[in-house]
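Comments concern the structure below.
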Amino acid sequence: MIKTIKRFFRKGELDCQDVADLSSAYIENDLKDSKRSAIQNHLSKCGPCQAFVDTLSSTIGLLSRLPGINPPSALKQSLRDRMRRGN
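Mapping of the sequence shown onto my numbering: residues 2 to 88, in sequence order.
Here it is in structure tokens:
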């Protein structure tokens, strides 16, 4: 309840939890300009959040460069069979 009241009076400012919740969308450029600006404003004042977003961005970048792995065809068929049976 207190957190809800505090959010009401912040007038659009984001807190650390907001930034954490929106960080993936921020990194993927999937936010409206107003939200993006609010995050950038918070990051300019908050070293821990900036470090979190930088680390998450680096991690996403590293993972995106990993080669894809195709599962064995027997596994694919086994999963299809189980789905048909409802298991």
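Positions of the beta carbon are idealized from the N, C-alpha and C atoms, including for glycine.
A quick note: this is a predicted structure, and the numbers were derived from the prediction, not measured.
Tell me the residue span of the alpha helix (DSSP H) that contains residue i.
{"i": "P68", "result": "Note, P68: premise wrong, no alpha helix (DSSP H); not H, not E."}
{"i": "N30", "result": "That residue, N30, is in no alpha helix (DSSP H); it is neither H nor E in DSSP."}
In the structure shown, what three-state DSSP assignment does residue i receive?
{"i": "L80", "result": "helix"}
{"i": "D16", "result": "coil"}
{"i": "C47", "result": "coil"}
{"i": "G87", "result": "coil"}
For residue i, which option in the options has the closest C-alpha, if you only look at C-alpha atoms?
{"i": "D16", "options": "S79, D82, N42, M84", "result": "N42"}
{"i": "D19", "options": "I70, S45, E29, C50", "result": "C50"}
### Query
With contact counted as at least three CB pairs below 8 angstroms, one residue from each stretch, are the region 13–24 and the region 35–46 in contact?
yes
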